[in-house]
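Contents: one structure, followed by commentary.
Residue numbers (the numbering used here): 50 to 390.
Spelled out as structure tokens, the structure:
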């Protein structure tokens, strides 16, 4: 097990405080055939229910159990049951990685538009190559009027076929969410396009999931769930009127088994399921990209976060079954190691 500390290019504003360094753990498993695989546990301050110290303790115990016991496939399937979400994600990712024979072509990402409106405008004006089907953009960071202005400015620079995923992170009241939406809807037709056709959904428009169907009925704009599911697994997701997508962050939700169970019913109901980053290192991001390509082919995960790091552990992951090169391992701190006797 390794520990990492990666400086960020800019302070990352979280619920409790801003962070300038991302910390986490990398679990490395080697099977009897010499194949190596990795999983990442990096709880996100203010969002994760577990601390970094708790994750380290859990990983040590679970990894020791994995090494010291002979587990059959059924036991391995539930090996991480009861562990914290980020620890489960690391353990199940590594076990899954041992079985992968080749990497799939990485899915197209949904680029994240960050910064002031002038910076976003410049990025879009300078765009080269094929346009993605969707961009993601944060809202509810200033006044409602400012948000309407920013989003409209982006709409005007996007090709007709390109849509926006908006993310409010539960920061609006219902009245603010409605004010924002009505501000956009008042622009229908005046700029040569239909705003309703340009918005894929608004992620977590308010802090109350009970208000989301009312928001949809009032505006016609669909919504996506993210934080609401982390804290309320019992909600009948499929029965929510206007739900367009579920955004899954395995670092916050749990292991691959839990994520797959959560996704299956939604996919059958025609609801999109989208993997999203919790600012993991390239090891976690690569795993999420591969899982997205495998489980949700054609979907665009929200994993455009590696540019937040000053330096990555490695620029490109090695082939399946291969160890990280020494140059990458030198950026990590070995904190635990055990071999089967």
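Each residue gets a CB set at the ideal place from its N, CA and C atoms; glycine is no exception.
Option in the options with minimal Cα separation from residue i
i: residue 254; options: 216, 233, 278 and 235; result: 216
i: residue 236; options: 218, 205, 106 and 160; result: 205
i: residue 133; options: 141, 154, 161 and 98; result: 98
i: residue 81; options: 187, 147, 329 and 65; result: 147
i: residue 226; options: 243, 308 and 257; result: 257
i: residue 166; options: 190, 149 and 150; result: 190
i: residue 291; options: 307, 302, 281 and 267; result: 267
i: residue 276; options: 265, 301 and 198; result: 301
i: residue 90; options: 145, 340, 243 and 73; result: 73
i: residue 220; options: 193, 197, 209 and 161; result: 193
i: residue 327; options: 113, 357 and 229; result: 357
i: residue 381; options: 303, 363 and 243; result: 363
i: residue 137; options: 92, 96 and 67; result: 92
i: residue 228; options: 95, 252 and 197; result: 197
i: residue 135; options: 272, 297 and 389; result: 297
i: residue 386; options: 105, 70, 71 and 68; result: 105
i: residue 94; options: 68, 351 and 57; result: 68
i: residue 312; options: 251, 57 and 344; result: 344
i: residue 368; options: 71, 70 and 84; result: 84
Distance between residue j and residue i (C-alpha atoms, nearest Å)
i: residue 279; j: residue 346; result: 24 Å
i: residue 299; j: residue 305; result: 7 Å
i: residue 115; j: residue 141; result: 12 Å
i: residue 245; j: residue 269; result: 7 Å
i: residue 314; j: residue 288; result: 11 Å
i: residue 233; j: residue 176; result: 24 Å
i: residue 375; j: residue 263; result: 54 Å
i: residue 65; j: residue 330; result: 21 Å
i: residue 211; j: residue 201; result: 13 Å
i: residue 110; j: residue 153; result: 32 Å
i: residue 61; j: residue 159; result: 19 Å
i: residue 75; j: residue 274; result: 28 Å
i: residue 360; j: residue 54; result: 10 Å
i: residue 129; j: residue 370; result: 21 Å
i: residue 171; j: residue 164; result: 11 Å
i: residue 117; j: residue 107; result: 15 Å
i: residue 63; j: residue 353; result: 17 Å
i: residue 59; j: residue 195; result: 23 Å
i: residue 285; j: residue 383; result: 43 Å
i: residue 150; j: residue 119; result: 23 Å
i: residue 378; j: residue 332; result: 12 Å
i: residue 112; j: residue 50; result: 9 Å
i: residue 52; j: residue 162; result: 30 Å
i: residue 173; j: residue 101; result: 38 Å
i: residue 373; j: residue 307; result: 28 Å
i: residue 231; j: residue 366; result: 45 Å
i: residue 139; j: residue 303; result: 9 Å
i: residue 188; j: residue 272; result: 13 Å
i: residue 317; j: residue 309; result: 13 Å
i: residue 251; j: residue 243; result: 16 Å
i: residue 56; j: residue 96; result: 19 Å
i: residue 131; j: residue 168; result: 44 Å
i: residue 340; j: residue 390; result: 33 Å
i: residue 209; j: residue 281; result: 37 Å
Residue span of the beta strand (DSSP E) that contains residue i, given as start and end
i: residue 293; result: 292-297
i: residue 353; result: Where residue 353 is concerned, there is no enclosing beta strand (DSSP E), given that its DSSP letter is neither H nor E.
i: residue 56; result: 51-62
i: residue 77; result: 67-79
i: residue 87; result: 85-90
i: residue 186; result: 183-187
Boundaries of the alpha helix (DSSP H) in which residue i is found, first to last residue
i: residue 134; result: 134-148
i: residue 167; result: 166-174
i: residue 110; result: 101-117
i: residue 387; result: Segment: none, residue 387 is in no alpha helix (DSSP H) and carries neither H nor E.
i: residue 377; result: 375-378
Nonlocal neighbours in the same chain, by C-beta distance under 6 Å from residue i, ignoring five residues either side
i: residue 223; result: 255 and 260
i: residue 321; result: 294
i: residue 336; result: 142
i: residue 178; result: none
i: residue 325; result: 296, 298 and 351
Nonlocal neighbours in the same chain, by C-beta distance under 8 Å from residue i, ignoring five residues either side
i: residue 213; result: 183, 184, 185, 186, 200, 203, 204, 207, 247, 248 and 249
i: residue 342; result: 153, 154, 155 and 156
i: residue 143; result: 76, 77, 78, 86, 87 and 88
i: residue 349; result: 156, 157, 158, 159, 181, 182, 183 and 323
Proximal residues to residue i (C-beta, below 7 Å), its chain only, five neighbours per side dropped
i: residue 145; result: 305
i: residue 409; result: No answer is possible for residue 409: the residues shown for the chain start at 50 and end at 390.
i: residue 265; result: 271, 272, 290 and 291
i: residue 103; result: 133
i: residue 338; result: 155, 156, 350 and 352
Original post:
Which residue spans inside the region 193-280 form an unbroken alpha helix (DSSP H) run of at least 4?
Top reply: Taking only runs of at least 4 residues, the alpha helix (DSSP H) segments lying wholly in the region 193-280 are 193-204, 223-234, 244-247, 261-268 and 276-280.
Original post:
Which runs of the alpha helix (DSSP H) fall wholly inside the region 294-342 and span at least 4 residues, in chain order?
Top reply: You should have 299-302 and 305-317.
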